[in-house]
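K.L.:
My questions all concern the structure below.
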Amino acid sequence: MGLEEKLPSGFLLTTVEGLAGYARKGSLWPATFGLACCAIEMMATTSGRFDLARFGMEAFRASPRQADLLIVAGRVSQKMGPVLRQVYDQMAEPKWILAMGVCASSGGMFNNYAVVQGVDHIVPVDIYLPGCPPRPEMLLNAIIELHRKIQEMPLGVNREEARAAAERAALASTPTIDMKGLLR
């Protein structure tokens with residue numbers, strides 16, 4: 150956001166962090182990455198009945214350079230994985246990822262070699278939204294949860310420390326293939 154460079158040696162007041170979080174959560178610009186049936190429910194969320202415009206997200210961006218929220222809706226094939234990573238890399242910081250549907254979250258019923266078993270193998274996911282397909286109300290709830298997460302996100306040096314701690318925790322966690330109760 151540029152605020153980190155203006156303040157000396159990582160000094161940042163918590164009120165400034167709160168103000169920046171409030172501004173960031175109120176100005177999310179989503180990019181669509183609709184690959185399957187979950188994309189239909191994502192499009193329904195923009196209708197007048199559910200009114201996604203109340204969160205300032207009425208226009209989905211076609212270019213990843215103009216977006217800071219990527220909603221991955223549906224299954225991701227192995228051939229689509231590099232494209233997803235390229236779209237993610239083109240997004241400006243700060244950026245957030247929402248895995249919409251069980252296929253994007255864990256591969257869903259497509260447990261085979263052609264489908265990525267969760268987009269978190271390709272990009273870091275901030276919010277997982279289960280369902281096949283999830284209802285628009287569930288997507289609105291996930292967006293509200295993401296707003297809460299953005300509001301509490303630290304800036305500057307604190308953000309880098311939080312990111313490093315999250316990365317260490319992710320690397321220390323049990324791999325999905327070793328978990329019990331999955332369709333493997």
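Position one of the sequence shown corresponds to residue 150 (my numbering), numbered consecutively onward. By construction, the Cβ of each residue, glycine as well, lies at the ideal position given by its N, Cα and C atoms.
1. Is it true that the region 211-226 meets the region 176-185, where meeting means three or more beta-carbon pairs spaced less than 8 Å apart?
2. For residue 166, tell me which candidate among 318, 312 and 304 has the shortest Cα-Cα distance.
3. Tell me the DSSP bridge mates of residue 181?
4. Between the Cα of residue 176 and the Cα atoms of 300, 196, 318 and 286, which residue gives the shortest distance?
5. What does DSSP give as the partner residue(s) for residue 264 in the beta ladder?
6. Under 6 Å Cβ to Cβ from residue 244, same chain only, skipping five residues before and after it: list those, please.
7. Rounded to a whole number of angstroms, what is the C-alpha to C-alpha distance between residue 210 and residue 265?
8. Can you tell me the Cα-Cα spacing of residue 289 and residue 263, whole angstroms?
9. How should residue 255 be labelled, buried or exposed, when 16 other C-beta atoms within 10 angstroms of its C-beta is the threshold for buried?
10. Excluding five sequence neighbours on each side, which residues of the same chain lie with their C-beta closer than 6 Å to the C-beta of residue 236?
11. Could you check what DSSP says for residue 320 in three-state terms: helix, strand or coil?
12. Can you check which of these residues, 284, 312, 257 and 239, is closest to residue 275 by C-alpha distance?
13. Assuming residue 248 is part of the beta strand (DSSP E), what are its boundary residues?
14. Based on the DSSP output, what are the partners of residue 276 in its beta bridges?
15. Using the rule of at least 16 other Cβ atoms within 10 Å of the residue's Cβ for burial, across every protein chain shown, is residue 281 buried or exposed?
16. Straight-line CA distance for residue 204 to residue 270?
P.N.:
Concretely, from the data shown:
1. Under the three-pair Cβ rule at 8 Å, the region 211-226 counts as touching the region 176-185.
2. It is 304.
3. Assignment of beta-bridge partners to residue 181 by DSSP yields 220.
4. Taking only the C-alpha atoms, the option nearest residue 176 is 300.
5. BP columns for residue 264 point to 226.
6. So the list reads 217, once near-sequence residues are dropped.
7. In a straight line, the C-alpha of residue 210 is about 25 Å away from that of residue 265.
8. Counting only the Cα atoms, residue 263 lies some 30 Å from residue 289.
9. The C-beta of residue 255 has 16 or more other C-beta atoms within 10 Å across all chains shown, which makes the residue buried.
10. 213.
11. Residue state, collapsed to three classes: helix.
12. Shortest Cα-Cα distance from residue 275 to any of 284, 312, 257 and 239 involves 312.
13. Here the beta strand (DSSP E) through residue 248 covers 245-249.
14. Bridge partners of residue 276: 247.
15. With fewer than 16 other Cβ atoms within 10 Å, it is exposed.
16. The alpha-carbon atoms of residue 204 and residue 270 are separated by roughly 29 Å.
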